[in-house]
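The opening residue of the sequence shown carries number 92 in my numbering; numbering runs sequentially from there. Single-structure report; data block below.
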Amino acid sequence: MFTVCALYHFTRFDDPAALQGPLLDCCRSGAVTGTLLLADEGINGTVAGPRAGIDAVLAHIRALPGCAAIDWKLSTARERPFARMKVRLKREIVTMGQPDVDPRASVGHYVAPADWNALIRSPDVAVIDTRNAYETAIGTFQGAVEPQTDSFRDFPAWWEANRDRFHNKRIAMFCTGGIRCEKSTNWLLGQGVAEVYHLKGGILKYLEETPEDESAWEGDCFVFDGRVSVGHGLREGPHLLCHACRRPILPADRERPEYEHGVSCHHCTTENSENDKARFRERQRQIGLARSRGERHLHADIPEDPAPENTRLPDVDRAGRPSEIASHQRRGEQ
Numbered sequence: 092m093f094t095v096c097a098l099y100h101f102t103r104f105d106d107p108a109a110l111q112g113p114l115l116d117c118c119r120s121g122a123v124t125g126t127l128l129l130a131d132e133g134i135n136g137t138v139a140g141p142r143a144g145i146d147a148v149l150a151h152i153r154a155l156p157g158c159a160a161i162d163w164k165l166s167t168a169r170e171r172p173f174a175r176m177k178v179r180l181k182r183e184i185v186t187m188g189q190p191d192v193d194p195r196a197s198v199g200h201y202v203a204p205a206d207w208n209a210l211i212r213s214p215d216v217a218v219i220d221t222r223n224a225y226e227t228a229i230g231t232f233q234g235a236v237e238p239q240t241d242s243f244r245d246f247p248a249w250w251e252a253n254r255d256r257f258h259n260k261r262i263a264m265f266c267t268g269g270i271r272c273e274k275s276t277n278w279l280l281g282q283g284v285a286e287v288y289h290l291k292g293g294i295l296k297y298l299e300e301t302p303e304d305e306s307a308w309e310g311d312c313f314v315f316d317g318r319v320s321v322g323h324g325l326r327e328g329p330h331l332l333c334h335a336c337r338r339p340i341l342p343a344d345r346e347r348p349e350y351e352h353g354v355s356c357h358h359c360t361t362e363n364s365e366n367d368k369a370r371f372r373e374r375q376r377q378i379g380l381a382r383s384r385g386e387r388h389l390h391a392d393i394p395e396d397p398a399p400e401n402t403r404l405p406d407v408d409r410a411g412r413p414s415e416i417a418s419h420q421r422r423g424e425q
C-alpha cells in the first residue's frame, strides 16, 4: 500500500531553481514518485510512496520559504501510481494564463465541507465546477454548472461568454483539491463579482469528511494518478483510462465492441485514423513483449516495483510524447 499526498501552497519563492535539486534528492531518497511544480508563486503537485518517504518530503517542503503552514491531503493506493519523480520549474503552479491573478492578495470565502451542502442548495447560489470536461464526466455535485472546458486556461473565456447567466447570484466554486479555485475566485473578484465562495480542500476533502448518506456528490472524482478516480472515503474508484484518448472508462466499457486495449474505446473509436490505430497496436505489442521479459516498457525510477498487468497510466501518449494526463499535471490541474 502506498501513501498518496496532494499538496499546494501559494508563497513567494525568489529562486525556485535553487529549490529544485534538493527537493528532487529528498523525494528520490525516500522512494517517492510523482510530480511537483515550483514557480515564483509557490509549489503544487501530487506524490506517492512509503509513508516514511512522504513524511520526509513534507518536512522538507515545510522548511521552504513561507511553507510552514502548507496543507496537504493523504490517501492510499494499492499500486504505485507514478513511475517517475519529477520536480519541474514553471511560470505558474496551476496554469490560468492571467498575469494579474494573485491568490496571495485575495480569494473567495472558504467554505468547510460540513457547510458546503447548505450553501449550494441555496436558491440564490450558482455552483460552478471549474474542472475540465473529462473530469466532470464521471462525477460532480448535484446541480453544478459544468463549463465543459478542455483546460483551466479556458475558464476566463467561458466566464466572459456566460457571465450574464449568473446575474445577482452568489457564486460557489469547486475543483479537485482547491488550487484552481484559489485562482478562479481571485479572478472573479477582479471581474467585479461581489460574493464568491469555494470549497476548502476541494472535492477530495469533501469526500474524505462527508458521510456518503449525507453527500451531495454524485459519481466519482477524477484524480491525476494511476488510480484514475476515487470515491467517498477516498477509496479507489472503478475507472481505468483508455490508453488511446486518455479518457476515463469503466471496466464494463472494455466489453463494448468499440474497445481495443490501447487502441480505442467508445469515446474515441471514430476520432483516430487507421494509421493512428496501427501505431497504437504496435505500441501495445512492444509493451506486451517487455512484460513477457519481466521488464517495463518505460523507464521507472523505482525499478523494483512490479509493473502489473492492469497498469492504468502510461507516461507517454500515442505518439511517444508525455501523456495528456501528464500534460495536465505539468499545468498543475490537480
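We put the beta carbon where it would ideally sit given N, CA and C, even for glycine.
When the Cα atoms are used, what is the spatial distance from R195 to K274? Approximately 9 Å between the Cα atoms of the pair.
With distances taken from CA atoms, which of P339, L341, R338 and T360 is nearest P348? Of the candidates P339, L341, R338 and T360, the one whose C-alpha sits nearest the C-alpha of P348 is T360.
Taking 8 Å as the threshold (C-beta atoms), are V202 and L290 in contact? Against a cut-off of 8 Å, the Cβ pair of V202 and L290 comes out as a contact.
Can you name, in chain order, every residue of its own chain whose Cβ lies under 8 Å from the Cβ of D215, other than the five neighbours on each side? When the five nearest sequence neighbours on each side are left out, the beta carbons in the same chain lying within less than 8 Å of the beta carbon of D215 are those of N259, K260 and R261, in order along the chain.
Quick one: is G293 buried, meaning 16 or more other Cβ sit within 10 Å of its Cβ, or exposed? Buried, since its Cβ has 16 or more Cβ neighbours within 10 Å.
7 Å Cβ shell around E303 - same chain, five flanking residues per side excluded: The answer, listed in chain order, is H323.
Minimum C-alpha distance to H357 - residue among L341, E300 and C118: Ranking L341, E300 and C118 by Cα distance to H357 puts L341 first.
On the criterion of 16 or more Cβ atoms from any shown chain inside 10 Å, does S383 qualify as buried, or is it exposed? S383 comes out exposed.
For N363, which of helix, strand or coil comes out of DSSP? In the three-state reduction of the DSSP assignment, N363 falls in the coil class.
Let's test the definition: count the other Cβ atoms within 10 Å of the Cβ of D206 and tell me whether it reaches 16, buried, or not, exposed. Exposed is the call here.
Beta-carbon proximity check, T124 vs I378, cutoff 8 Å: Their beta carbons are not under 8 Å apart, which means T124 does not touch I378 by this criterion.
E362: which of C117, R338 and R376 sits nearest, CA to CA? E362 has its Cα closest to that of R338, out of C117, R338 and R376.
Distance check for E365 and H151, CA to CA, integer angstroms please. If I take the Cα positions, the gap works out to 49 Å.
Between R256, T276 and E251, which lies nearest to A263 when the distance is taken from Cα to Cα? Taking the Cα of A263 as reference, the smallest distance to any Cα among R256, T276 and E251 is reached at T276.
Whole-angstrom Cβ separation of A183 and A108, contact assumed at under 8 Å? Note that residue 183 is Glu in the sequence shown here, rather than Ala. The Cβ separation is near 16 Å, so there is no contact.
May I have the straight-line CA-CA distance separating F371 from H334, to the nearest angstrom? Roughly 9 Å between the two C-alpha positions.
Determine, using beta carbons only, whether G328 and D311 come nearer to each other than 8 Å. Yes.
With a Cβ-Cβ cutoff of 8 Å, do P172 and A139 count as a contact? With contacts defined as CB atoms closer than 8 Å, P172 and A139 qualify as a contacting pair.
When E237, D316, F232 and V354 are compared against Y297, the one with the closest alpha-carbon: That would be F232, whose Cα lies nearest to the Cα of Y297.
Taking just the CA atoms, how far does A168 sit from I219? If you take the alpha carbons of I219 and A168, they lie about 29 Å apart.
For W207, decide whether its Cβ has a neighbour in chain D, counting only Cβ atoms nearer than 8 Å. Here there is only one protein chain, and chain D is not present.
Could you check which residue in L128, G133, G157 and W163 has the C-alpha nearest to that of A299? The residue you asked about is not Ala; residue 299 is Glu in the sequence shown. For the residues L128, G133, G157 and W163, the minimum Cα distance to E299 belongs to W163.
If you draw a straight line from the C-alpha of C96 to the C-alpha of G199, how long is it? Straight-line Cα distance between these residues: approximately 25 Å.
When you compare the CB positions of T221 and F257, do they come within less than 8 Å of one another, or not? F257 sits away from T221, with the two beta carbons spaced by 8 Å or more.
How is L114 classed by DSSP in three states: helix, strand or coil? Three-state DSSP puts L114 in a helix.
Hey, how far is the Cα of V441 from the Cα of F104? Residue 441 lies beyond the residue range present for the chain, which begins at 92 and ends at 425; the question has no answer from this structure.
Here's the rule: buried if 16 or more other CB atoms are within 10 angstroms of the residue's CB, otherwise exposed. What is M187? Note on M187: 16 or more other CB atoms within 10 angstroms of its CB, so buried under the neighbour-count rule.
Distance, I211 Cα to E286 Cα: Their backbone Cα atoms lie some 13 Å apart in a straight line.
Just how far apart, CA to CA, sit W249 and G385? Going by the C-alpha atoms only, they are around 48 Å apart.
Distance, A369 Cα to H100 Cα: Straight-line Cα distance between these residues: approximately 43 Å.
Taking D255 as the reference, give the member of T240, C118 and A217 with the closest Cα. Measuring from the Cα of D255, the nearest candidate turns out to be A217.
Can you list, in chain order, the residues of its chain whose CB lies under 8 Å from that of V192, leaving out five sequence neighbours each side? Around V192: K274, N277, W278 and G281.
8 Å contact criterion, which T267 and V319 should meet: CB distance rounded: In fact, because the Cβ distance is near 13 Å, the residues do not count as touching under 8 Å.
Measure the beta-carbon distance from L295 to L331 and round it to whole angstroms, keeping in mind my assumption that it falls under 8 Å. In this structure L295 does not touch L331 by the C-beta definition: roughly 20 Å separates them, more than the 8 Å allowed.
Taking G121 and A154 to be in contact with their CB atoms under 8 Å, please state how far apart those CB atoms are, rounded to whole angstroms. The Cβ separation is near 15 Å, so there is no contact.
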